[in-house]
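Here the working numbering runs 40 ahead of the position in the sequence shown, where the first position is 1.
In this text, a Cβ means the ideal position worked out from N, Cα and C, and glycines have one as well.
Values in this document were obtained by computation on a predicted structure and should not be read as measured data.
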Amino acid sequence: MAISPERKEAVLKKLLPPLNRSVAQLAAEEGISEQTLYNWRNQLKAQGYAVPVSGQKPDDWSGEVKLAVVIETAPLSETELSQYCREKGVLVEQVKE
Numbered sequence: 041m042a043i044s045p046e047r048k049e050a051v052l053k054k055l056l057p058p059l060n061r062s063v064a065q066l067a068a069e070e071g072i073s074e075q076t077l078y079n080w081r082n083q084l085k086a087q088g089y090a091v092p093v094s095g096q097k098p099d100d101w102s103g104e105v106k107l108a109v110v111i112e113t114a115p116l117s118e119t120e121l122s123q124y125c126r127e128k129g130v131l132v133e134q135v136k137e
């Protein structure tokens with residue numbers, strides 16, 4: 041069964057902040073195998089996205105993910121940073137730490 045790019049994007053958004061849903065939970069809800077979801081998540085990481093481990097809060101992110109967020113947000117203005125943080129479900133203070 042082929043999955044449309046639109047559906048894939050919608051499912052991937054659930055893996056990312058602010059939702060940070062677990063792969064197991066999404067697999068059950070969406071009827072997509074866990075292995076497919078892990079593959080998609082790994083593809084995002086390879087593309088440079090800061091992808092936390094499923095369900096992790098920003099305080100628990102690895103150094104690699106935190107560095108990726110810092111690099112991604114470095115050129116942003118305060119307004120852009122605030123918008124980024126709202127979209128990712130993190131506080132500005134967590135990014136600036």
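Item to check | Contacting residues, own chain, Cβ-Cβ under 7 Å from Ala64 (five flanking each side not counted) | outcome: Glu74
Item to check | Continuous alpha helix (DSSP H) stretch holding Asn79: start and end | outcome: 74-86
Checklist entry - Which whole-angstrom value is the C-beta distance of Leu84 and Leu52, which I expect to be below 8 Å? => result A Cβ-Cβ separation of about 7 Å places Leu84 in contact with Leu52 under the 8 Å criterion.
Item to check | Range of the contiguous alpha helix (DSSP H) that encloses Pro45 | outcome: 45-55
Next on the checklist: Taking 7 Å as the limit between beta carbons, can you name the residues of its chain near Val132, skipping five residues before and five after?
Outcome noted: Leu121, Ser122, Cys125
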